[in-house]
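This report refers to the structure that appears directly beneath it.
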Amino acid sequence: MEKLKNKIYNLLKWSEQHTATDMIYLARGGFWLTLGQIVSAASSFILAIAFANLLPKETFGLYKYVLSIVGILAISTLPGINTAIIQAVARGYEGSFMPSLKTKIQFGFLGGLLSLFLALYYYLNDNNNLALLFMIPGFFIPFMDSLSLYNYFLQGQKNFRSSTIYGIVSFTGVSVFLILVLFVTKNIFLITLAYFLLWTLFRLFFLIVTLRRFPPKEEKTEETISYGKHLTLMDLFPLIAQQLDKILIFHYLGPVQLAVYNFAIAVPEQIKAPFKNLKLLILLRFSVRETEEIKMGLLGKILKMSGILIGVVLIYFFIAPFLYKLFFPQYLESIFYSRIFALSIIFTSAILPLSFLQSKLAIKELYRFNALRAVFQIILLFVLIYYFGIIGAVVSRISADFLNLAVLIFLAKKLK
Numbered sequence: 409m410e411k412l413k414n415k416i417y418n419l420l421k422w423s424e425q426h427t428a429t430d431m432i433y434l435a436r437g438g439f440w441l442t443l444g445q446i447v448s449a450a451s452s453f454i455l456a457i458a459f460a461n462l463l464p465k466e467t468f469g470l471y472k473y474v475l476s477i478v479g480i481l482a483i484s485t486l487p488g489i490n491t492a493i494i495q496a497v498a499r500g501y502e503g504s505f506m507p508s509l510k511t512k513i514q515f516g517f518l519g520g521l522l523s524l525f526l527a528l529y530y531y532l533n534d535n536n537n538l539a540l541l542f543m544i545p546g547f548f549i550p551f552m553d554s555l556s557l558y559n560y561f562l563q564g565q566k567n568f569r570s571s572t573i574y575g576i577v578s579f580t581g582v583s584v585f586l587i588l589v590l591f592v593t594k595n596i597f598l599i600t601l602a603y604f605l606l607w608t609l610f611r612l613f614f615l616i617v618t619l620r621r622f623p624p625k626e627e628k629t630e631e632t633i634s635y636g637k638h639l640t641l642m643d644l645f646p647l648i649a650q651q652l653d654k655i656l657i658f659h660y661l662g663p664v665q666l667a668v669y670n671f672a673i674a675v676p677e678q679i680k681a682p683f684k685n686l687k688l689l690i691l692l693r694f695s696v697r698e699t700e701e702i703k704m705g706l707l708g709k710i711l712k713m714s715g716i717l718i719g720v721v722l723i724y725f726f727i728a729p730f731l732y733k734l735f736f737p738q739y740l741e742s743i744f745y746s747r748i749f750a751l752s753i754i755f756t757s758a759i760l761p762l763s764f765l766q767s768k769l770a771i772k773e774l775y776r777f778n779a780l781r782a783v784f785q786i787i788l789l790f791v792l793i794y795y796f797g798i799i800g801a802v803v804s805r806i807s808a809d810f811l812n813l814a815v816l817i818f819l820a821k822k823l824k
């Protein structure tokens, strides 16, 4: 066993000559993050199979529409604090955790209230289904995402093992219970209630476990919440843009086409996830390195990562028809859109310059980047979805991702 460890260690050290990256660090942290992502992806995939085969397209489209709106309303829980906590804890300011959690919950009540207002709006317009559907998240928005802050606390401690184990139990548990609900009922109200209730309970449980096992130390910094608010404000329009494609497709084309679009992007998005996991490790590593040192090798790393991702896209292009025929036979029309959307996987390499800017608290540069990409993507979505439907949404997403990478490289090069 010891010989095998030494061989793996030597192989990783050898690979550092070609990747210009600390492969030992990536392997140690990346193992747990990758394991968690594999289980998460598997759970999501199995759940998607259940939704595809057990729910009518119209019902699933309505369900995804509600989750898309809630994705925007949940911005009120200040998701930027998640990144701020990782950095604060990594620097030893664990005492910032509880004040940050309270702040997220307090601000989250705004999102919950807006959800209830939406319910009232749909009720007054004689749409009782959507009225009832938006009442449900109104009571969960302040808590569901806020309670997951424990995960970012653990990541800041580089306690990837606990973070991954808790995540695996949560994803698996929620998926299993939701599938059971789908077998028992096709009632969209019960399915939606189960989704929000399950995630809230699992996150509450592991928050309590984390506080008991790893109680935060007292030292804190006042800039954590402030920086988290800045990050949230920076991401405001990009976060809206992330959900806008689904909302526009629902309004222009209806719930059935939204279901088709969702399954078109679902598999490529899952493929991106393991690569996006590297962002956490990169952010932690960049936080303790000098700016000029990072800039020297940044472009080379981006090109190497993009090259790997091109290979991933080519593989997916050929296996996509087989996957959909086997697992999602009701959504064969999604294959065409999915193969095109897979091109966006290449631009996942944007995590490198983005992590660099975030690690150096480059607030001004991040504001510029987020404003530009959000305006560009929102305009494209409105125009292209209106005139071209689903393919317009796909082209909008790919174009926006390409612009993101180009702008981030430019800003990273200019950073001093």
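Everything in the sequence shown is counted per our numbering, starting at 409 for the first residue and increasing by one.
From the three backbone atoms N, C-alpha and C, an ideal C-beta is built for every residue, glycine too.
Computed from a prediction, not measured in an experiment: that's the story for all the values here.
Fill in: Whole runs of the alpha helix (DSSP H) within the region 473 to 545, excluding any shorter than 4 residues
Listed in chain order, the alpha helix (DSSP H) runs fully inside the region 473 to 545 are 488 to 498, 505 to 532, counting runs of at least 4 residues.
Worksheet entry | Helix, strand or coil at LYS681 according to DSSP, with G and I counted as helix | Numbered from 1 along the sequence shown, position 273 holds the residue referred to as residue 681. The identity of residue 681 in the sequence shown is Ala, whereas the question assumes Lys. Reduced to three states, the DSSP call for ALA681 is helix.
Fill in: Three-state secondary structure (DSSP) of PRO737
Here residue 737 is taken as the residue at index 329 of the sequence shown, counted from 1. The answer is helix: DSSP assigns PRO737 an H, G or I state.
Discussion item. Less than 8 Å between C-beta atoms, sequence neighbours within five positions excluded: which residues of the same chain meet that for THR593?
Written reply: In the sequence shown, counting from the first residue as 1, residue 593 sits at position 185. Closer than 8 Å at the Cβ level, and outside the excluded window around THR593, lie ILE599.
Practice prompt. With a 10 Å radius around its C-beta and 16 neighbouring C-beta atoms as the bar for buried, classify LEU722 as buried or exposed.
Written response: Residue mapping note: residue 722 aligns to position 314 of the sequence shown, counting from 1. The residue in question, LEU722, is exposed, as its Cβ has fewer than 16 Cβ neighbours within 10 Å.
Item to complete: Output the distance between the C-alpha atoms of SER747 and SER807, rounded to the nearest integer angstrom.
Response: On the sequence shown, residue 747 is found 339 positions in, with the first residue counted as 1. On the sequence shown, residue 807 is found 399 positions in, with the first residue counted as 1. The displayed chain sequence assigns Arg, not Ser, to residue 747. Approximately 15 Å, taken between the alpha carbons.
Worksheet entry | Simplified DSSP state of PRO624, which is helix, strand or coil | Start at 1 with the first residue of the sequence shown, and residue 624 comes out as number 216. Correct three-state label for PRO624: coil.
Worksheet entry | Straight-line Cα distance separating ILE576 from THR442 | In the sequence shown, counting from the first residue as 1, residue 442 sits at position 34. In the sequence shown, counting from the first residue as 1, residue 576 sits at position 168. For THR442 and ILE576, the gap between their C-alpha atoms comes out near 11 Å.
Practice prompt. Decide if VAL617 is buried, meaning its Cβ has at least 16 other Cβ atoms within 10 Å, or exposed.
Written response: Against the sequence shown, residue 617 aligns to sequence position 209. Burial check for VAL617: the Cβ neighbour count within 10 Å stays below 16, so the residue is exposed.
Worksheet item: Around the Cβ of LEU740, are there at least 16 other Cβ atoms within 10 angstroms (buried) or fewer (exposed)?
Response: Numbered from its first residue, the sequence shown carries residue 740 at position 332. Under a 10 Å Cβ-count criterion, LEU740 is classified as exposed, with fewer than 16 other Cβ atoms of the shown protein chains found around its own Cβ.
Worksheet entry | Helix, strand or coil at GLU822 according to DSSP, with G and I counted as helix | Taking the first residue of the sequence shown as 1, we reach residue 822 at position 414. Looking at the sequence itself, residue 822 is Lys, so the reference to Glu does not match. Helix at LYS822.
Discussion item. For PHE548, tell me which candidate among PHE505, TYR558, LEU601, VAL497 has the shortest Cα-Cα distance.
Written reply: For the purposes of this step, residue 548 is identified with residue 140 of the sequence shown, where counting begins at 1. Closest by alpha carbon: LEU601.
Worksheet item: Do ALA496 and THR640 have their C-beta atoms closer together than 8 Å?
Response: Position 88 of the sequence shown, counted from the start, is the residue given in the question as residue 496. Position 232 of the sequence shown, counted from the start, is the residue given in the question as residue 640. The Cβ atoms of ALA496 and THR640 lie no closer than 8 Å to each other.
Worksheet item: Are the beta-carbon atoms belonging to GLN651 and GLY479 less than 8 Å from one another?
Response: Indexing the sequence shown from 1 puts residue 651 at position 243. Indexing the sequence shown from 1 puts residue 479 at position 71. Taking 8 Å as the Cβ cut-off, GLN651 and GLY479 qualify as a contacting pair.
Worksheet item: Taking the continuous alpha helix (DSSP H) assigned at LEU751, which residues delimit it?
Response: Indexing the sequence shown from 1 puts residue 751 at position 343. Note, LEU751: premise wrong, no alpha helix (DSSP H); not H, not E.
Worksheet item: If you count every other CB in all the chains shown that lies within 10 Å of the CB of MET704, and 16 or more means buried, which is it?
Response: Taking the sequence shown and counting its residues from 1, one reaches residue 704 at position 296. Here MET704 is exposed. Its C-beta has fewer than 16 other C-beta atoms within 10 Å.
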